[in-house]
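full-length UniProt numbering puts the first residue of the sequence shown at 1, with every later residue one more than the last. Notes for the one structure printed next.
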Amino acid sequence: MTAQVVVIGAGVYGAAVAAELRRRGAQVTVVDSGAPAGGTSGATFSWTNSNGKEPRPYHDLSVAAMEAHRKLAAAVAGSDWYHETGNLEWAADDAELARLRRKVDSVTGYGYGARWLTRAEALRLEPDIDPAGLPADGIAYFPDEGWIEPARLVGHLLAASGAERVFNDAVTHLDVSGDRVRAVRLASGRELPADAVVNCAGPEAAGIAALAGLALPMRNTPGVLIHTAPVAVAVGRVIHAPHVHLRPDGGGRLLLHTHEVDNAAHVSDSGETSVDPAAVDEVVAAGRALYPGLAAASVESVRVGVRPIPGDGLPVLGRARRLPNFHFAVSHSGATLSVHAGALVAAEVLGEDHSAELAAFRFERF
Ligand SMILES: Cc1cc2nc3c(=O)[nH]c(=O)nc-3n(C[C@H](O)[C@H](O)[C@H](O)COP(=O)(O)OP(=O)(O)OC[C@H]3O[C@@H](n4cnc5c(N)ncnc54)[C@H](O)[C@@H]3O)c2cc1C
1 MTAQVVVIGA GVYGAAVAAE LRRRGAQVTV VDSGAPAGGT SGATFSWTNS NGKEPRPYHD
61 LSVAAMEAHR KLAAAVAGSD WYHETGNLEW AADDAELARL RRKVDSVTGY GYGARWLTRA
121 EALRLEPDID PAGLPADGIA YFPDEGWIEP ARLVGHLLAA SGAERVFNDA VTHLDVSGDR
181 VRAVRLASGR ELPADAVVNC AGPEAAGIAA LAGLALPMRN TPGVLIHTAP VAVAVGRVIH
241 APHVHLRPDG GGRLLLHTHE VDNAAHVSDS GETSVDPAAV DEVVAAGRAL YPGLAAASVE
301 SVRVGVRPIP GDGLPVLGRA RRLPNFHFAV SHSGATLSVH AGALVAAEVL GEDHSAELAA
361 FRFERF
């Protein structure tokens, strides 16, 4: 009998899980309360990496996920959502440099690609950087990292999957009897019978788990993303400079971020999100100091995304032991992880054993 699976959420995780379930022959309905990639997957820095991901199983999962992106992109003509550009990172002071050195030592000890560049070498990669913005040496280069365009990836995965898509209709109830979820009920009144349910609701994953009677601890945090208008500056890769992180964003746009600017996001009592413009100006000024050509760039949009972070920071993946047909695919770093981790979760839904890869990420650890 063909399994009927309901996937809740159409971000990178929901799309990846649905695509793999369909590839394996399941009937799939993907439900989203909004539009696909309208959640965190539409407001993310989406840097693909295993850059300081600890402990070791998390590093290994991330490396496997980077390889899964590479393979998918190679297999699909016109897969322009994947950009394996490399990443440059340097430090503002000795303490940060010591931290960076420890990180590079740790990841190279795992066999991960990382090497040190001088200023002259970095400028050959990024000729539009103001040389005064770079240290003489001690610039870490991670050649296998890059970034993705999540909306294009989600669009591809959903379209290629052939899954039924239900958008702008929220999951409001799960019918649970005994140790199984029997059906998913939507705000519209529609009821979807289910042999299995996958919780891919990102920052709302705790709410969906609660509908199944499960307590998933989450410590979500907001993040501010600054998108410029198109500008003719040669930013070729992911850049982690001391006061600004940036990368290309398609069509000549750039995406700017720092962890400091995240504190400038405010949510009002009525739920309106705003960002302190002075904090945005500071990040843009840091970008312009590094790439003087950015002086010609205006800010096109400022978005706030919510990082879906499980309580201990690690992904929550796979079957809930107490409710064996209810599955999780929830994590931060989902832009990196989702294609691979989503495929593992989908395989487990359909009975394949991935207990070794998923052991460190089970819901039951909470
Ligand atoms: C500022 C910032 C920077 C980041 N940087 C990186 C990075 O550099 N690298 C990286 O790998 N990751 C990064 N991330 C994290 C990454 O973007 C997320 O892990 C990933 O996008 C999560 O995808 P998702 O599919 O789980 O969630 P989402 O994209 O949020 O999808 C969940 C979907 O569920 C839907 N939903 C919620 N409730 C319901 C309901 N009741 N019924 C139906 N649908 C529902 C939502 O509408 C949403 O579309 C970053 C995130 C942020 C915010």
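The beta-carbon is built from N, C-alpha and C at its ideal position, and this holds for glycine as well. Since we're looking at a predicted model, the values are computed, not measured.
Count the other CB atoms, across all protein chains shown, that sit within 10 Å of the CB of residue i; report buried if there are 16 or more and exposed otherwise.
i, result
"His173", "exposed"
"His259", "exposed"
"Phe326", "buried"
"Asp249", "buried"
"Pro36", "buried"
"Phe366", "exposed"
"Ser333", "buried"
"Arg115", "exposed"
"Arg22", "buried"
"Thr40", "buried"
"Arg124", "exposed"
"residue 367", "Because the chain in this structure spans residues 1 to 366, residue 367 falls outside the shown range and cannot be described."
"Glu364", "exposed"
"Ser50", "buried"
"Ser274", "exposed"
"Pro315", "buried"
"Ser331", "buried"
"Ala98", "exposed"
"Thr108", "exposed"
"Glu352", "exposed"
"Gly78", "exposed"
"Arg56", "exposed"
"Glu357", "buried"
"Ala18", "buried"
"Pro308", "buried"
"Ser161", "buried"
"Val267", "exposed"
"Glu348", "buried"
"Gly111", "exposed"
Starting from residue i, trace the beta strand (DSSP E) in both directions and tell me its first and last residue.
i, result
"Gly223", "221 to 228"
"Pro150", "From DSSP, Pro150 is part of no beta strand (DSSP E) but of the alpha helix (DSSP H) over 150 to 161."
"Asp175", "171 to 177"
"Ile139", "139 to 142"
"Arg165", "164 to 166"
"Val12", "Unbroken run through Val12 is the alpha helix (DSSP H), 12 to 23; no beta strand (DSSP E)."
"Glu89", "87 to 89"
"Val63", "Per DSSP, Val63 belongs to no beta strand (DSSP E); it is in the alpha helix (DSSP H), 56 to 75."
"Thr44", "Counting along the chain, Thr44 falls outside any beta strand (DSSP E), and DSSP gives it neither H nor E."
"Thr29", "27 to 31"
Where do the N-terminal and C-terminal ends of the alpha helix (DSSP H) with residue i fall, by residue?
i, result
"Val107", "94 to 109"
"Gly334", "334 to 349"
"Arg119", "119 to 125"
"Leu134", "Neither: Leu134 is in no alpha helix (DSSP H) and is coded neither H nor E."
"Ala356", "355 to 358"
Less than 7 Å separating the Cβ of residue i from some heavy atom of ligand 2?
i, result
"Thr44", "You won't find ligand 2 in this model; what it holds is ligand 1."
I think residue i touches residue j, with their Cβ atoms under 8 Å apart; what is that distance to the nearest whole Å?
i, j, result
"Gly86", "Gly42", "In fact, because the Cβ distance is near 25 Å, the residues do not count as touching under 8 Å."
"Arg102", "Glu84", "Rounded, the Cβ-Cβ distance is 25 Å, inconsistent with contact."
"Leu157", "Ala16", "6 Å"
"Gly236", "Glu126", "6 Å"
"Val238", "Trp47", "5 Å"
"Gly342", "Ala329", "5 Å"
"Ala286", "His243", "4 Å"
"Gln4", "Asp195", "5 Å"
"Thr29", "Val6", "5 Å"
"Val304", "Ile226", "Between Ile226 and Val304 the Cβ distance is about 11 Å, and since that is not below 8 Å, they are no contact."
"Ala91", "Leu100", "5 Å"
"Val198", "Val345", "6 Å"
"Ile129", "Leu337", "At roughly 30 Å, the Cβ-Cβ gap does not stay under 8 Å, so Ile129 and Leu337 are not in contact."
"Asp175", "Arg185", "7 Å"
"Asp32", "Phe142", "The Cβ separation is near 33 Å, so there is no contact."
"residue 371", "Leu317", "Nothing about residue 371 can be read from this structure; the chain reaches only from 1 to 366."
"Met218", "Ala206", "5 Å"
"Asp80", "Arg24", "In fact, because the Cβ distance is near 27 Å, the residues do not count as touching under 8 Å."
"Ala229", "Glu300", "4 Å"
Which full runs of the beta strand (DSSP E) of 3+ residues lie inside the region 183 to 261, going along the chain?
Runs found: 191 to 193, 196 to 199, 221 to 228, 238 to 241, 244 to 248, 254 to 257.
Please give me, in chain order, every unbroken run of the beta strand (DSSP E) with length at least 3 that falls completely inside the region 257 to 324.
265 to 267, 273 to 275, 299 to 307, 316 to 320
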